[in-house]
Amino acid sequence: MTLNNIWVFAQSTNGVVNTATLELITKARSLASSVSVFVSGDGAAIAAAVGDFGATKVYGADCGAHLPGVAMAAAMKSVIDGGDSPDLIMFPQSYEGRDAMARLSVKLNKTVITNNVDIEDSGNGVTVTTPIFGGNTLVATTFTGSGPFLAAFRPKSFAPEASGGAAAAVTAVVVPDLGAAGSAQVTAVHVEETSGPKLDEANVVVSGGRGLGEADKYSMIEELAKLLKAAPGASRAIVDAGWVPYSYQVGQTGKVVKPSVYIAAGISGATQHMVGMKGSKNIIAINKDKEAPIFGIADLGIVGDVHKVLPKLIEALKARG
Amino acid sequence: MNIIVCVKQIPDPAAPGALNSDSNTLKRDGKLVIDDSDMYGVEMALQLVDAAGGGEVSLVSMAPNGETSGMRTALAMGAAKGVLVSDPALQGSDALTTAKILAAAIQRLGGADLIVAATESSDGYTGTVPEQMAEVLGLPSVTFTKKIVINGSTLQASRQTEAGYDEVTCTLPAVISVTAGVVEPRYPSFKGIMAAKSKPVEQVTASDLGVTPVGWDGAGQKITSVTQAEARQAGEIIEDDGEAFNKIVGFLENLKVI
Numbered sequence: 001m002t003l004n005n006i007w008v009f010a011q012s013t014n015g016v017v018n019t020a021t022l023e024l025i026t027k028a029r030s031l032a033s034s035v036s037v038f039v040s041g042d043g044a045a046i047a048a049a050v051g052d053f054g055a056t057k058v059y060g061a062d063c064g065a066h067l068p069g070v071a072m073a074a075a076m077k078s079v080i081d082g083g084d085s086p087d088l089i090m091f092p093q094s095y096e097g098r099d100a101m102a103r104l105s106v107k108l109n110k111t112v113i114t115n116n117v118d119i120e121d122s123g124n125g126v127t128v129t130t131p132i133f134g135g136n137t138l139v140a141t142t143f144t145g146s147g148p149f150l151a152a153f154r155p156k157s158f159a160p161e162a163s164g165g166a167a168a169a170v171t172a173v174v175v176p177d178l179g180a181a182g183s184a185q186v187t188a189v190h191v192e193e194t195s196g197p198k199l200d201e202a203n204v205v206v207s208g209g210r211g212l213g214e215a216d217k218y219s220m221i222e223e224l225a226k227l228l229k230a231a232p233g234a235s236r237a238i239v240d241a242g243w244v245p246y247s248y249q250v251g252q253t254g255k256v257v258k259p260s261v262y263i264a265a266g267i268s269g270a271t272q273h274m275v276g277m278k279g280s281k282n283i284i285a286i287n288k289d290k291e292a293p294i295f296g297i298a299d300l301g302i303v304g305d306v307h308k309v310l311p312k313l314i315e316a317l318k319a320r321g
Numbered sequence: 001m002n003i004i005v006c007v008k009q010i011p012d013p014a015a016p017g018a019l020n021s022d023s024n025t026l027k028r029d030g031k032l033v034i035d036d037s038d039m040y041g042v043e044m045a046l047q048l049v050d051a052a053g054g055g056e057v058s059l060v061s062m063a064p065n066g067e068t069s070g071m072r073t074a075l076a077m078g079a080a081k082g083v084l085v086s087d088p089a090l091q092g093s094d095a096l097t098t099a100k101i102l103a104a105a106i107q108r109l110g111g112a113d114l115i116v117a118a119t120e121s122s123d124g125y126t127g128t129v130p131e132q133m134a135e136v137l138g139l140p141s142v143t144f145t146k147k148i149v150i151n152g153s154t155l156q157a158s159r160q161t162e163a164g165y166d167e168v169t170c171t172l173p174a175v176i177s178v179t180a181g182v183v184e185p186r187y188p189s190f191k192g193i194m195a196a197k198s199k200p201v202e203q204v205t206a207s208d209l210g211v212t213p214v215g216w217d218g219a220g221q222k223i224t225s226v227t228q229a230e231a232r233q234a235g236e237i238i239e240d241d242g243e244a245f246n247k248i249v250g251f252l253e254n255l256k257v258i
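Quick note, the sequences are listed as chains A and B, same order.
Those letters in the first sequence? Residues 1 to 321, per our numbering, in order.
Those letters in the second sequence? Residues 1 to 258, per our numbering, in order.
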C-alpha cells in the first residue's frame, strides 16, 4: 500500500510544540500528501506551528485531568470510527506517546513497532528501521495487513524543517466515556529541570555514572558542566540509585542526546546508555576500566580515575577564565 | 490485597545477544534468568501485600521450553504461585499478542487488586505491554511509577515525566509499571529458595487460554532484513599519567568549545 494519510501524535508544553513532534511532521510530509496531528488540549494553540511544518489538520482533545494516553487513544479511535482513518500514525517515543499507542493498538487490534529511527514506503510496503543490541544491528520490519500502522520513533531521528505552510484547520474532538479505565487522574505536576541548557538541546553534555563512587561526587559533573555551558546528564545506574532526578537520564529510557561534544565520566557504556548518546558528534570518555565498552565509541578515551582527572580539568578550565 | 506480577525470563544479559538465523528472533534457547527490571516489581508487590496486612503475590510469565528458573527466583523472594504460558506457537509474537496472553493468564488466576510489570523488558524493550494489558482487561493504568502508596481501594503514585514527575491517583483494580530503583529487591533466603521448589507453577498453552492467532501469524509485522550498523570508530585511547586532562583541554580547544 502507499501512504496517503498520516497522523502525527503531537506533544506541546504551554502551547509550544516540542521538537520531536516537528521532526515527525517533517518526515510525514515527505511520505504522504495529507498530514494531520492529534494533540491533547486545544488544537488552536498549535495550529500555526504545526501548519508551518506541513500539517493541514489538527485534532485537539481535551483530556481534562485524565492521564493523557488512555483519553487520547479513545479520542483517536472515535475519529477513526467517524471515517477519517489514517494509513499510519507516528508517535514520539515518549511516556504519553507510548501509553496512547499501546491503548490504541488494542482498540484497533493492530501491532505496534517502537524504538524506530527511520521509515520508508516502497510502494509495496511500509518498513521501519529499529536499532538493537545497543545500535550495532539494524532490523528492518515491514507492516503486514492493513493500516492504520502504529509506529513510535526515537527523538532526533529526523531533522525538523519548516515548509512554510498555512495554519492547520482545527477540529475539536470530544473524549468518549472511558469507563473504569479512565480513573487514573493527575493531581499535581512537578518540574525538576535544571537551570542551564536543556539536556536534549545542549551543544555540550557532561554525564556522570557509577564510577563517581558516591552521590556527593556528582557536584564535579555539575561544576564541569557549568564551566563548559553544558547540560549535566547521568547514566541510568545513578538515577536508579537516587543520586540525581530521572530528568537527567541519558539513554534508552531517558533522553536521546546528539550534542557536538559528549563527555562520559565514570560511565562504562551499557547498551541502555549508549543508544541515548552514540549519535553525539564527538565523545570523550573517562573510565578506570580500559575494557569498558564506552571506549569502543570514544573519540578521546582517558583510562584513568575520574576523581583525579576531573578536578584537574576543572582547575585548568577555571584558570583560563 | 492480591497482586499479580508479570515477570519475563530472558537470556543472561551479561552474554552478548544473538538472533536465530532462520527466524530473526532473539536466541532464547540457553538458560533464562529473571529480567533484573522485574525484581523491583516483585519486591514492590511483596511490600504492598505486607502493608495491606494480608493477601498474596502471584506471577505470570511467557517463555519457551517450559522455563521456570527465573520465576523460581521470584517465588524464592516470597511470591506464592504462578502461571507460565509456554508454547512453541508463541515464537515471533508481537507485544500486542504478548499482552493478550498475559491478560488471559491473569484472568486464569482470577484477576487481582493490582497488576505490576516493569516499564520495559531488558531484551525486547517494546515498552507497551503493561498499557496494552490494561486495555485488554479494561483497567486503568499508571505507567512509569516510582512511588506507590495504597489507601483502601485507591492507589497514589508518582509517575515519571520528561520534565519531572506527576502525582496520579487511580482506583483499584489497576495496572502499574514500575521503574528500576523504586525499591531495593531483597535477596532470596536459603529457606525461600528451598520453599520455591515446591510452590505451584501451572503450565498452559496459548490455546488453553483461548488466544488466537499467536506467533508470527498474529504479529502484523515481518522482519525483512537484519544488517550491521555502520560502526563508530574508536579514536585515541590514552592512560592517564596525571596530565591527561591537558588532552581533554586540547580536544575541546580544537572543537572551539572553549
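Glycine residues also receive a C-beta, built at the ideal position from the N, C-alpha and C atoms.
Along chain A, which residues have their Cβ under 7 Å away from the Cβ of residue i?
| i | result |
| --- | --- |
| residue 225/B | 140 |
| residue 190/B | Within chain A, no residue comes near residue 190/B; the closest Cβ sits about 27 Å away, beyond 7 Å. |
Under a three-way DSSP split, which group does residue i fall into?
| i | result |
| --- | --- |
| residue 90/B | helix |
| residue 148/B | strand |
| residue 237/B | strand |
| residue 1/B | coil |
| residue 322/A | Past the boundaries of the shown model lies residue 322/A; chain A is included only from 1 to 321, so the question cannot be answered. |
| residue 234/A | strand |
| residue 130/B | helix |
| residue 164/B | strand |
| residue 102/B | helix |
| residue 252/A | coil |
| residue 204/A | strand |
| residue 91/A | strand |
| residue 226/A | helix |
| residue 18/A | coil |
Is it buried or exposed, residue i, if we count other Cβ atoms within 10 angstroms and call 16 or more buried?
| i | result |
| --- | --- |
| residue 23/A | buried |
| residue 187/B | exposed |
| residue 119/B | buried |
| residue 238/B | exposed |
| residue 14/B | exposed |
| residue 164/A | exposed |
| residue 243/B | exposed |
| residue 145/B | buried |
| residue 109/A | exposed |
| residue 130/B | buried |
| residue 92/A | buried |
| residue 189/A | exposed |
What residues are listed by DSSP as bridge partners for residue i?
| i | result |
| --- | --- |
| residue 120/A | 127/A |
| residue 10/A | 39/A |
| residue 157/B | 148/B and 168/B |
| residue 214/A | Looking at the DSSP assignment, residue 214/A forms no beta bridge with any residue, so it has no partner. |
| residue 221/B | 143/A |
| residue 287/A | 303/A |
If I measure Cβ to Cβ from residue i and keep anything under 6 Å in the same chain, skipping five residues before and after, which residues do I get?
| i | result |
| --- | --- |
| residue 269/B | Limits of chain B in this structure are 1 at one end and 258 at the other, which puts residue 269/B out of reach. |
| residue 203/A | 259 and 260 |
| residue 184/A | 67 |
| residue 127/A | 120, 140 and 142 |
| residue 235/A | 209, 267 and 273 |
| residue 104/B | 209 and 211 |
| residue 130/A | 115, 116 and 139 |
| residue 181/A | 70 |
| residue 20/B | 27 |
Residues of chain A with a CB under 9 Å from the CB of residue i: which are they?
| i | result |
| --- | --- |
| residue 186/B | Those do not exist, as residue 186/B stays about 16 Å from chain A at its closest Cβ, beyond 9 Å. |
| residue 213/B | Simply none; closest approach about 11 Å. |
| residue 228/B | 136, 137 and 138 |
Chain B partners of residue i, CB-CB under 9 Å?
| i | result |
| --- | --- |
| residue 119/A | Near residue 119/A there are no residues of chain B at all, since even the closest Cβ is about 13 Å away, more than 9 Å. |
| residue 143/A | 220, 221 and 222 |
| residue 190/A | 158, 161, 163, 164, 165, 166 and 167 |
| residue 241/A | 181 |
Could you name the residues of the same chain whose beta carbon sits closer than 8 Å to that of residue i, not counting the 5 residues immediately before and after it, in chain order?
| i | result |
| --- | --- |
| residue 52/B | 1 and 150 |
| residue 86/A | 5, 6, 7, 36, 80, 147 and 148 |
| residue 107/B | 137 |
| residue 137/A | 131 |
For residue i, which residues of its own chain have a beta-carbon under 7 Å away from its beta-carbon, when the five flanking residues on both sides are left out?
| i | result |
| --- | --- |
| residue 200/B | 81 |
| residue 139/B | 173, 174 and 175 |
List, in order along the chain, the chain B residues whose C-beta lies closer than 8 Å to that of residue i?
| i | result |
| --- | --- |
| residue 313/A | 245, 248 and 249 |
Could you name the residues of chain C that residue i contacts, counting a contact when the two beta carbons are closer than 7 Å?
| i | result |
| --- | --- |
| residue 94/A | The structure shown contains no chain C; its protein chains are A and B. |
Output, in chain order, the set of chain B residues within a Cβ distance shorter than 7 Å of residue i.
| i | result |
| --- | --- |
| residue 284/A | 248 and 251 |
Which residues of chain A have a Cβ atom closer than 8 Å to the Cβ of residue i, listed in chain order?
| i | result |
| --- | --- |
| residue 136/B | 106 |
| residue 47/B | Result: empty, since nearest Cβ-Cβ is about 17 Å, beyond 8 Å. |
Looking at residue i and the ligand FMN, is the gap between the Cβ and the nearest heavy atom below 8 Å?
| i | result |
| --- | --- |
| residue 156/A | This structure simply doesn't include the ligand FMN, nor any ligand for that matter. |
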